[in-house]
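One structure is given here, and the rest of the page talks about it.
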Amino acid sequence: YLDRLLDGDRNSAADLAERSVQDGLPLQNLYLDVFQPAMREIGRLWQLNRITVAQEHFCTAATQAIMNGFVRRILQTPRNGLTVTAACLGGEFHEVGLRMVADLLELDGWNCSYVGGSVPVSDMIESLADKPPDLVAVSVTMTENVGAVVTFIDQLRRTPGLQRVPVLVGGRPFAISATLSTSVGADGCALDAATALSEARRLAGLPSTDTPNS
């Protein structure tokens, strides 16, 4: 899959993903064992200057487009009655990791409102106040955007009707510092998509599970 992306062949990568699922690969394994490690390797290659920003953007956009092709299957999963809102706050545009988490939660039965990247904190609070979810998941990749998470959680705890909504955080800054999630006031922290699922279930009071529903 990664080789095809690096060759600039999105259609071939999409065909490989689709055929794998048709041949029996559980959709959650496609996300956890193919999409996630491929995107991590893309990020590593970019940091080492072995691929260009344009290549990194292409691979990321291609993966998101391929993920879109599985939305119908994901939404056919039986619902568990729980809701989650997922967003990248402030100036954070790196959203593919959070999108994977959102899709895995949908596979687990959650109704996920995936807001996407670069969401202003004030707009996020206003949206949540209209219909409080059972969980909020936020992600940042760039350290300079951690401040937006701090502001968001502070405002969330001050807003009537939202004080008890748990917040799950994830992203590179939280992987670097083991205490950062506690410092910002989060209720849970996930360093990868699988952990995000288990943490979401814990915060919602659901029994733990090894893998989401297929």
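Start counting the sequence shown at 6; every next residue gets the next number (our numbering). Glycine is no exception: its CB is placed at the ideal position from the N, C-alpha and C atoms.
Residue i: buried (16+ other C-beta within 10 angstroms of its C-beta) or exposed?
i	result
R45	exposed
Q168	exposed
S219	Low confidence applies here, because S219 scores a pLDDT of 42, under 50, leaving its location unreliable; read the following figure in that light. Under this definition S219 is an exposed residue.
S213	exposed
I158	buried
H62	exposed
P217	At P217, the pLDDT of 45 sits below 50, so the modelled position is not reliable; the number obtained from the coordinates is stated separately. Answer is buried; the Cβ neighbour count reaches 16.
A107	buried
L208	buried
V172	buried
N48	First, the amino acid is wrong: residue 48 is Gly here, not Asn. It counts as buried.
L103	buried
With a cut-off of 8 Å on the beta carbons, I'd call residue i and residue j a contact; round off their distance for me.
i	j	result
T90	V141	5 Å
G175	S144	5 Å
L94	N150	7 Å
V189	V154	5 Å
L11	S25	Wrong, their Cβ atoms sit about 18 Å apart, outside the cutoff.
With a threshold of 7 Å on Cβ separation, who are the neighbours of residue i within its own chain once the five nearest residues in sequence on each side are excluded?
i	result
Y6	A18, L21, A22, V39 and A43
T164	I130 and A134
V101	M44, T65, T68 and Q69
P178	V145, T148, V151 and L185
V124	A92, C93 and L94
Excluding sequence positions up to five away, which residues of its chain have a Cβ less than 6 Å from the Cβ of residue i?
i	result
R9	S17 and A18
H99	T146
R162	Q168
A191	V172 and V174
Q160	I130
Check whether the Cβ atoms of residue i and residue j sit closer than 7 Å, and answer yes or no.
i	j	result
G96	P137	no
L80	A198	no
T82	V126	no
L196	A180	yes
Can you list, in chain order, the residues of its chain whose CB lies under 8 Å from that of residue i, leaving out five sequence neighbours each side?
i	result
S118	T88, V89, T90, A91 and P138
L32	V26, F75, R78, I79, L112 and S219
> Is it true that the stretch 81 to 89 meets the stretch 105 to 113, where meeting means three or more beta-carbon pairs spaced less than 8 Å apart?
Replying inline: Cβ pair count under 8 Å is three or more, so yes.
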